[in-house]
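Protein chains in written order, with the numbering used here: chain A, -12 to 459; chain B, 131 to 205. All remarks here apply to the structure that follows.
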Amino acid sequence: MAHSHDELLSFDVGALAGKLREHEISPVELTEAYLDRIARTDEKIRAYITVTADLARKAARKAETEIATGKWRGPFHGVPIALKDLCYTRGIRTTGGSKILADFKPGHDATVWARLARAGAILLGKLNQHEFAYGITSSNPHWGICRNPYALERIPGGSSGGSAAAIVARSAAATIGTDTGGSIRIPAALCGCVGLKPTWSRVSRHGVIPLAPTLDHVGPITRTVRDAALMLNVIAGFDRNDSTSSRERATNYAANLDGGIGGMRIGVIAELNNDLSDDVRRAFDGAVAALRGLGASVEEVSIPSLPMAGIVNAIITWAEALEYHEQWMRSRPQDYGADVRRLLETGMMTPAADYVRAQRARPRILADALAALEGHDVLIAPGSGVPAPKIGAADNLAATGQGVDYVSAILRFTSPFDVTGQPALALPTGLSGDGLPLAMQIIGRPFDEARVLQAGAAYERARGPLPAPAPL
Amino acid sequence: MTMPLVTAETVKRVIHELYDYEIADQDAAMTANTAGAIITGSRHLLSLELEAIEPPFGYAALTAEAARLAPKKKR
Chain A
-12 MAHSHDELLS
-2 FDVGALAGKL
8 REHEISPVEL
18 TEAYLDRIAR
28 TDEKIRAYIT
38 VTADLARKAA
48 RKAETEIATG
58 KWRGPFHGVP
68 IALKDLCYTR
78 GIRTTGGSKI
88 LADFKPGHDA
98 TVWARLARAG
108 AILLGKLNQH
118 EFAYGITSSN
128 PHWGICRNPY
138 ALERIPGGSS
148 GGSAAAIVAR
158 SAAATIGTDT
168 GGSIRIPAAL
178 CGCVGLKPTW
188 SRVSRHGVIP
198 LAPTLDHVGP
208 ITRTVRDAAL
218 MLNVIAGFDR
228 NDSTSSRERA
238 TNYAANLDGG
248 IGGMRIGVIA
258 ELNNDLSDDV
268 RRAFDGAVAA
278 LRGLGASVEE
288 VSIPSLPMAG
298 IVNAIITWAE
308 ALEYHEQWMR
318 SRPQDYGADV
328 RRLLETGMMT
338 PAADYVRAQR
348 ARPRILADAL
358 AALEGHDVLI
368 APGSGVPAPK
378 IGAADNLAAT
388 GQGVDYVSAI
398 LRFTSPFDVT
408 GQPALALPTG
418 LSGDGLPLAM
428 QIIGRPFDEA
438 RVLQAGAAYE
448 RARGPLPAPA
458 PL
Chain B
131 MTMPLVTAET
141 VKRVIHELYD
151 YEIADQDAAM
161 TANTAGAIIT
171 GSRHLLSLEL
181 EAIEPPFGYA
191 ALTAEAARLA
201 PKKKR
């Protein structure tokens, strides 16, 4: 049966898996639809740094042959995806969104891509991002300004801005992002899609350009909670190439998505339930009401040390990022964008004692978070305090000292869970009066992604999909 | 608690002497301001009663990474 491109692009991974397996859809026609979509939209969105069209077509033909001969590898077989350009891809340019690595072609694949490739996924290309993942705007001075598909004059968030923009622009079926202070969840929240930061060490970081290794996470950005679970099924698990990856057994994260939340006990984090814009407040209160309507009990809980998490995250990131970048800060400082260079220069002023103190604060903050989870299955908080700011708003504040501190208004909701390493899922709660996506987070115990996803899936079913952005 | 004074001049000197390049006065002032705020914030972490808390580096992490790096002997 022939499908129109629009029809093909409308299917999420969960739907595509069955149709590809049953030969209702060909990986070749699906890949062509996505490549055509990229060609038609990416001039406006700038979600991609590199499009690997020839490789994608070759992989699609191979997938078609394999599926036709009964060698189905699983839900990602024949599914076109894309990777944040922080992830190594053997022989394919991997820039990290930088000028410094503009011509870098790794000799091996990141484990996360190796696993997706083994699962039969088709690589459409490498995605735009904030330079070296060090910022939340994705206004990239070297590869173009990435834009929010819901409002082209606004940021998609970052640092995995291209990963979320490509999902919402329907120029990839699923993507990979990374998260050190919120870089998966912020773009998911601001663009209106789903982003899962798994537990630290749940997904291998091998072959992923680091920002701050003790805070860095790798995870899916997708259209639906089910797609995030399916992707986590592929990428989770111990990796001998990453000694920090966990030996904790990975489970089937999609198994309980239909389980509902009747009787589930949910805590609203008091320290993050304030200073919200009117739209965010309305949407978050609506989400709480919806969760209660689904049979969950919801009450406020406190994590007293959580307000300190932002400074802990900042100190650790400043110190660890500088260590990775130090050689280039000596030899090529002029090749960094102004904002990233300034952050690295701030790292030069960070005393070693402060770094160790920040690390010592992490167990305290995690202990407080676990105490808040006593008697609760998951915690919730807004995904951001504000909808997507206009492009240049953060730069304007830095230059003039005038205006809203959007960076703080966004990061304070996400960075604590990089500090604690807990799994955290961002998913849409609705649109603002201006038609901008709004979101909440669901946070769980370490390695309890399954319950986080279960709660997210129940809420997502009740809410229904967001209205699509205007045609690009 | 008073904010430690990190001056633009200090920032410029560190960058000049350790990294061998120059930055503009305005950029140095902004970095100094941020650095001062960080160091102040770090002092506030002491209110979390960190005395008895180990930093989460851990010997297990050390040995696991060493095992990954250790050359395999050929039999």
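Virtual Cβ for every residue (Gly too), placed ideally from N, Cα, C.
Checklist entry - For A/Ala375, which of A/Ala47, A/Ile123, A/Phe91 has the nearest alpha-carbon? => result Each of A/Ala47, A/Ile123, A/Phe91 was checked against the Cα of A/Ala375, and the nearest Cα belongs to A/Ile123.
Checklist entry - For a contact meaning CB atoms closer than 9 Å, what does B/Arg198 contact in chain A? => result Simply Arg227, Asn228, Asp229, Ser230.
Next on the checklist: Could you compute how far the alpha carbon of A/Glu51 sits from the alpha carbon of A/Ile378?
Outcome noted: If you take the alpha carbons of A/Glu51 and A/Ile378, they lie about 41 Å apart.
Next on the checklist: I'd like to know if the segment 166 to 178 of chain A and the segment 130 to 144 of chain A are in contact, where contact means that at least 3 CB-CB pairs between them fall below 8 Å.
Outcome noted: At 8 Å Cβ cutoff, the stretches touch.
Checklist entry - What are the start and end residues of the alpha helix (DSSP H) that includes A/Ser318? => result Where A/Ser318 is concerned, the enclosing alpha helix (DSSP H) stretches over 296 to 318.
Item to check | Residue range of the alpha helix (DSSP H) that includes A/Lys377 | outcome: Annotation: A/Lys377 is outside any alpha helix (DSSP H) and is labelled neither H nor E by DSSP.
Next on the checklist: I'd like to check one pair, A/Val406 with A/Val299: are the Cβ atoms closer than 8 Å?
Outcome noted: Yes, they are a contact pair.
Next on the checklist: So if I threshold CB-CB distances at 8 Å, which residues from the segment 145 to 162 of chain B count as touching chain A?
Outcome noted: Those would be Ile145, Leu148, Tyr149, Asp150, Tyr151, Ile153, Asp157, Met160, Thr161, Ala162, in chain order.
Item to check | Within the segment 214 to 276 of chain A, ranges of the beta strand (DSSP E) (whole runs, at least 3 residues) | outcome: You should have 252 to 256.
Checklist entry - Since A/Ala301 meets chain B, which of its residues come closer than 7 Å, beta carbon to beta carbon? => result Near A/Ala301 (Cβ distances below 7 Å), the residues of chain B are Ile168.
Next on the checklist: When you compare the CB positions of A/Thr211 and A/Asp392, do they come within less than 8 Å of one another, or not?
Outcome noted: Not closer than 8 Å, so no.
Checklist entry - Can at least three beta-carbon pairs, one atom from the segment 78 to 91 of chain A and one from the segment 31 to 51 of chain A, be found at a separation below 8 Å? => result Flag = yes, the segment 78 to 91 of chain A and the segment 31 to 51 of chain A touch.
Checklist entry - Along chain B, which residues have their Cβ under 7 Å away from the Cβ of A/Ser292? => result Those are Leu178, listed as they occur along chain B.
Next on the checklist: From the DSSP secondary-structure annotation, give me the bridge partner or partners of A/Ser126.
Outcome noted: Partner(s): A/Ile132.
Checklist entry - Which class does B/Ala162 belong to by DSSP, given the choice of helix, strand or coil? => result DSSP places B/Ala162 in helix when its eight states are reduced to three.
Checklist entry - A/Tyr446 by DSSP, collapsed to three states: which one? => result Under the three-state reduction of DSSP output, A/Tyr446 falls in the helix class.
Item to check | Buried or exposed (CB count within 10 angstroms, at least 16 for buried), B/Tyr189 | outcome: The residue is exposed, with fewer than 16 neighbouring Cβ atoms inside 10 Å.
Item to check | Closest Cα partner of A/Ala159 within the set A/Thr56, A/Thr238, A/Val66, A/Val190 | outcome: Nearest Cα to A/Ala159 within the set A/Thr56, A/Thr238, A/Val66, A/Val190: A/Val66.
Item to check | Proximity test, A/Gly282 beta-carbon vs the ligand FAD heavy atom, cut-off 7 Å | outcome: Annotation note on the ligand FAD: not contained in the displayed structure, which lists no ligands.
Item to check | Reduced DSSP category for A/Gln409 - H, G, I as helix; E, B as strand; rest coil | outcome: When DSSP states are grouped into helix, strand and coil, A/Gln409 belongs to the coil group.
Checklist entry - Quick check: the segment 440 to 459 of chain A against the segment 302 to 317 of chain A, are there 3 or more CB pairs under 8 Å? => result In short, these stretches do not touch, since the Cβ pair count stays below three.
Checklist entry - Do we get a CB-CB distance below 8 Å when we pair B/Pro186 with the residues of chain A? => result At least one beta carbon of chain A lies nearer than 8 Å to the beta carbon of B/Pro186.
Checklist entry - Under three-state DSSP, which class holds B/Ile145? => result B/Ile145 falls in the helix class under three-state DSSP.
Checklist entry - In three-state DSSP terms, what is B/His174? => result DSSP places B/His174 in helix when its eight states are reduced to three.
Item to check | Within 8 Å, strictly: CB atoms of A/Arg100 and A/Cys133 | outcome: Here residue 100 of chain A is Trp; the residue named in the question, Arg, does not match the sequence. In this structure, A/Trp100 sits away from A/Cys133, with a CB-CB distance that is not shorter than 8 Å.
Item to check | Reduced DSSP category for A/Ser150 - H, G, I as helix; E, B as strand; rest coil | outcome: Reduced to three states, the DSSP call for A/Ser150 is helix.
Checklist entry - Between A/Glu9 and A/Leu3, what straight-line distance do the alpha-carbon atoms span, to the nearest angstrom? => result Rounded to whole angstroms, A/Glu9 to A/Leu3 spans 10 Å at the Cα level.
Checklist entry - How about A/Arg329 and B/Thr170: are their beta carbons less than 8 Å apart? => result No, these two residues do not count as a Cβ contact at 8 Å.
Checklist entry - Is the CB-CB distance between B/Leu178 and A/Arg351 below 8 Å? => result Yes, the Cβ-Cβ distance between B/Leu178 and A/Arg351 is below 8 Å.
Item to check | Beta-carbon gap between A/Phe119 and A/Ile196 smaller than 8 Å | outcome: In this structure, A/Ile196 lies closer than 8 Å to A/Phe119 by Cβ.
Checklist entry - Are the segment 136 to 149 of chain B and the segment 436 to 453 of chain A touching by the rule of at least three beta carbon pairs closer than 8 Å? => result No, they do not touch.
Checklist entry - Where does A/Leu114 fall in DSSP's three states? => result A/Leu114: strand per DSSP, three-state reduction.
Item to check | Continuous beta strand (DSSP E) stretch holding A/Met336: start and end | outcome: Neither: A/Met336 is in no beta strand (DSSP E) and is coded neither H nor E.
Checklist entry - Who are the Cβ neighbours of A/Ser232 in its own chain at under 6 Å, not counting the five residues just before and after it? => result Residues Ser188, Ser191, Phe225, Asp226 of the same chain have their beta carbon placed closer than 6 Å to that of A/Ser232, with the five preceding and five following residues left out of the count.
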